[in-house]
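>
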Amino acid sequence: MKYEEMKAEANVSTVMQFVLLGFSELPNLQWLLFGLFSIIYIMILIGNSLTIITRLDSALQKPVYFFFLANFSSLEICYVSVTLPRILVNLCPQDRSISMLECSIQMCFFLMLATIENFLLAVMAYGCYVAVCNPLHYPLVLNHRMCIQMAVDSWICGIPVQTGPICQIFSLHFCHSNQIDHFFCDVPPILELACGDTSLHKLSVYVVVLLVGTIPSVLILASYRKIISTALRLPTSRGLAKVFSTCSSHLLVVLLFFGSATITYLRPQSSHSPGIDKLLYLFYTIVTPVFNPMIYSLRNKDVLTALRKLLLK
Numbered sequence: 024m025k026y027e028e029m030k031a032e033a034n035v036s037t038v039m040q041f042v043l044l045g046f047s048e049l050p051n052l053q054w055l056l057f058g059l060f061s062i063i064y065i066m067i068l069i070g071n072s073l074t075i076i077t078r079l080d081s082a083l084q085k086p087v088y089f090f091f092l093a094n095f096s097s098l099e100i101c102y103v104s105v106t107l108p109r110i111l112v113n114l115c116p117q118d119r120s121i122s123m124l125e126c127s128i129q130m131c132f133f134l135m136l137a138t139i140e141n142f143l144l145a146v147m148a149y150g151c152y153v154a155v156c157n158p159l160h161y162p163l164v165l166n167h168r169m170c171i172q173m174a175v176d177s178w179i180c181g182i183p184v185q186t187g188p189i190c191q192i193f194s195l196h197f198c199h200s201n202q203i204d205h206f207f208c209d210v211p212p213i214l215e216l217a218c219g220d221t222s223l224h225k226l227s228v229y230v231v232v233l234l235v236g237t238i239p240s241v242l243i244l245a246s247y248r249k250i251i252s253t254a255l256r257l258p259t260s261r262g263l264a265k266v267f268s269t270c271s272s273h274l275l276v277v278l279l280f281f282g283s284a285t286i287t288y289l290r291p292q293s294s295h296s297p298g299i300d301k302l303l304y305l306f307y308t309i310v311t312p313v314f315n316p317m318i319y320s321l322r323n324k325d326v327l328t329a330l331r332k333l334l335l336k
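Rendered as structure tokens:
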């Protein structure tokens, strides 16, 4: 299906919907991609749902599992559901149009959930720090009430941080084109379509990205500095192995999430190209949520035991 590029010259407000080009440059692979992304989506839903259900096991009624299993897996399901269903819709009937309202809602939820994930990873790092550095105080510091409070704060903090920049972006006029060379509504491709000088808006977006990335990163690094310092003082290799088993899952998730986000958003402008950008965004938004349930399960004996019990039932 051929889409005409809309121009707005006399009236810059005529662009009221966008066209997500997605993978239109691969017309012969549309159904293959549809099948592949459908399988990935089902895997993410099943993997994270099983991770949430395992928390019902009596052996997993601990704060660390509350953070790792219930909250983070719920977040991953929401996070992927913002982008993947839209990709499937674009691939199947070839209707790639999206209204400005739908585009703004998608962008809003995507950025809010990404921000929540940043802060939730920082909260998890604090949980690992308490477990390793203050194990005797662990039940008192991370009691049930504190866990709920920290989880709720992580979810709430993402809402106001991203609302302002999104309102700013969609208050702009779009006159260059209505075609977004991307598979979902994200900030950089949308700003490329705006009229006039958008350098101030781009600067404000980078400031927000740096803030929501830097603050959790500093908290995570501070927690792991204390954890490593404590681990190095342990007299036996057994204690070191216990520290590694406690924190390794979280550390792998942090490296995967922040590493892919840094490469995706903070690369030099000269190295950007539509094809590479789409691959990096796919890894950041879709591939990492596939790995996360595997990391939780395969690196944790308690979770594996709970999963076996669940599957046997």
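Residue numbers (the numbering used here): 24 to 336. Using N, Cα and C, we set each Cβ at its ideal position, and we do this for glycine too. Quantities reported herein were computed from a predicted structural model and do not represent experimental measurements.
#1: Return the bridge partner residues of residue 22 from the DSSP annotation.
#2: Does the stretch 118-138 come into contact with the stretch 198-208, if we say contact requires no fewer than three beta-carbon pairs (one atom in each stretch) closer than 8 angstroms?
#3: Smallest Cα separation from residue 157: which of 224, 318 and 253?
#4: I'd like the ranges of any beta strand (DSSP E) spanning at least 3 consecutive residues and lying wholly in the stretch 99-183.
#5: Cα separation between residue 33 and residue 76?
#6: Does the contact criterion of 3 or more C-beta pairs under 8 angstroms hold for the stretch 305-314 versus the stretch 60-76?
#7: Just to confirm, are residue 205 and residue 43 a CB contact at a threshold of 8 angstroms?
#8: What three-state label does DSSP hand residue 257 in the structure shown?
#9: Within this structure, are the beta carbons of residue 145 and residue 242 separated by less than 8 angstroms?
#10: When the Cα of residue 288 is compared with those of 315, 212, 257 and 267, which residue comes out closest?
#11: Between the C-alpha atoms of residue 165 and residue 53, what's the straight-line distance to the nearest angstrom?
#12: Give me the Cα-Cα distance between residue 318 and residue 219, rounded to the nearest whole angstrom.
#13: Specify, as a first and last residue, the run of the beta strand (DSSP E) that residue 42 falls within.
#14: Can you give me the start and stop residues for the alpha helix (DSSP H) that residue 65 sits inside?
#15: Do residue 315 and residue 277 count as a contact pair if the criterion is CB distance below 8 angstroms?
#16: Considering Cα atoms alone, identify which of 223, 255, 239 and 228 is closest to residue 210.
#17: Out of 179, 221, 176 and 168, which has the shortest C-alpha to C-alpha gap to residue 192?
#18: Just the Cα atoms here: how many angstroms apart are residue 110 and residue 259?
#19: Exposed or buried, residue 55, counting other C-beta atoms within 10 Å across all chains shown (16 or more means buried)?
#20: How long is the line joining the alpha carbons of residue 36 and residue 249, rounded to whole angstroms?
#21: Could you give the first and the last residue of the continuous alpha helix (DSSP H) run that contains residue 210?
#22: Where DSSP assigns a beta bridge to residue 197, which residues make up the other side?
#23: Alpha carbon to alpha carbon, how far is residue 257 from residue 99? Give it in angstroms, no decimals.
#24: What separation, rounded to the nearest whole angstrom, lies between the Cα atoms of residue 271 and residue 255?
#25: If distances are taken between C-alpha atoms only, which option among 148, 187 and 107 comes closest to residue 274?
Taking the coordinates as given:
#1: This structure cannot settle anything about residue 22, because the visible part of the chain is limited to 24 through 336.
#2: yes
#3: 253
#4: 120-122
#5: Unreliable positioning characterises residue 33 in this predicted model, as indicated by a pLDDT of 43, which lies under 50. The coordinate reading is nonetheless provided below. Residue 33 and residue 76: Cα-Cα distance of roughly 57 angstroms.
#6: yes
#7: yes
#8: coil
#9: yes
#10: 212
#11: 48 angstroms
#12: 46 angstroms
#13: 40-43
#14: 53-76
#15: no
#16: 228
#17: 221
#18: 51 angstroms
#19: exposed
#20: At residue 36, the pLDDT of 46 sits below 50, so the modelled position is not reliable; the number obtained from the coordinates is stated separately. Taking the straight line joining both Cα atoms gives about 54 angstroms.
#21: 210-214
#22: 217
#23: 35 angstroms
#24: 16 angstroms
#25: 148
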